[in-house]
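Let me begin by presenting the structure, written as structure tokens, before commenting on it.
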Amino acid sequence: MHIKLIIFLVLFGVVASNSSLDWLKFKRNHNKHYKSAAEEAKRKQIFLENVNRIRDYERTHPNATFKLGINHLADRRIEELVSSSKRHFELHSDNIGN
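Numbering (mature numbering (1 follows the signal peptide of the UniProt record, and there is no 0)), first residue to last: -17 to -1, 1 to 81.
In structure tokens, the structure reads:
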């Protein structure tokens, strides 16, 4: 029983360490800075969720015809991106009639 717990904790530590390294690399590569520690914690959580989605997809679809990856938007939720692009589109379509 104790052996299983020790193995779990070691593996969890490795995963947590890799996740933290991925986050630091992401911030450095994309020059990310946040207004507060709370904002950074929120963005890190979103980033980790997105990375997990990417890894899950790659694991379950090994023969996919496209590849998912981490880019400058990996710390955003899809809802943020859609609402932002929708506002941008609405602003520009209002100017078309003028």
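Even for Gly, the Cβ is constructed at its ideal location relative to N, Cα and C.
Where does residue i land, buried or exposed, given buried means 16+ other C-beta within 10 angstroms?
i          : result
residue 26 : buried
residue 39 : exposed
residue 65 : exposed
residue 33 : buried
Considering only their Cβ atoms, is the gap separating residue j from residue i smaller than 9 angstroms?
i          : j          : result
residue 47 : residue 30 : no
residue 9  : residue 15 : yes
residue 37 : residue 53 : yes
residue 41 : residue 50 : yes
Closer than 7 angstroms by C-beta to residue i: which residues in its own chain qualify, once you throw out the five before and the five after it? Chain order, please.
i          : result
residue 5  : 34
residue 55 : 13
residue 7  : none
residue 23 : 17
Any beta carbon from chain B within less than 9 angstroms of residue i's own beta carbon?
i          : result
residue 65 : This model lacks chain B altogether, as it is built from one protein chain only.
Can you name, in chain order, every residue of its own chain whose Cβ lies under 8 angstroms from the Cβ of residue i, other than the five neighbours on each side?
i         : result
residue 2 : 31, 34
I'd like to confirm something about residue i: is its beta-carbon nearer than 8 angstroms to some heavy atom of the ligand NAP, or not?
i          : result
residue 30 : What this structure holds is no ligand at all, so the ligand NAP is not there to describe.
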